[in-house]
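Read the structure below first, then the notes.
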Amino acid sequence: MTVTGLPHKIPDSPVVRAAKGNPHVHLGAPVFDRPHLATILASADALVHGCEAETFCMAAAEARASGIPIIVPDLGGAADQLRPGFGEKYVARSAASLADAIVRQIDAGETMLRRASSAADSVTDMQAHFDALLATYRATRRGAPILQQVA
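If you're matching positions, the sequence shown starts at 20 in the working numbering and goes up one per residue.
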């Protein structure tokens, strides 16, 4: 398992403590280089996203666009990226629920990977996401004014 992000810089973090001495876990820095991220995703069996506090969740969108299943919390932007049959959802902040979701993903095997790969072209970019979001707001605003976008 490869874990990228900032927890590796916090020696006392739960992630670092849990991974310490485990030869099957690699803690790495955040990945900002797009070709490098694409290489990582191309070799992955799934993306496990541990944060429920993102609006769009670009990491999950990138994983979907790469054709790999996603395992995401049931809250936040990551959950919005999940489509039925293309990954797993777990209860946010529950290690037991996450473990169960990972086992379900493993049990699904190649079937889930094939489904996710076939759906890769359906992923929208951030601009399309926010265009749809603003259209929804406009449709539901009940006559209230909407702030104009600053050019």
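Every residue, glycine too, gets a C-beta built ideally from N, C-alpha and C.
Gly40 and Asp31 have their alpha carbons spaced roughly 14 angstroms apart. Boundaries of the beta strand (DSSP E) harbouring Leu46: 45 to 47, taken from the DSSP string.
Uninterrupted beta strand (DSSP E) stretches at least 3 residues long and entirely within the stretch 53 to 123 occur at 89 to 92, 106 to 109, given in chain order. Beta bridge pairing from DSSP links Thr21 with His45.
Cβ contact annotation for Ala78 (same chain, cutoff 7 angstroms, sequence separation greater than five): Leu66, His68, in chain order. A contact between stretches requires three or more CB pairs, one per stretch, nearer than 8 angstroms, and the stretch 39 to 53 fails this requirement with the stretch 69 to 76.
Taking C-beta atoms as the reference points, Tyr109 and Leu101 fail to come closer than 8 angstroms. Excluding residues up to 5 positions away in sequence, Leu60 lie with their Cβ nearer than 6 angstroms to the Cβ of Ser85 in the same chain.
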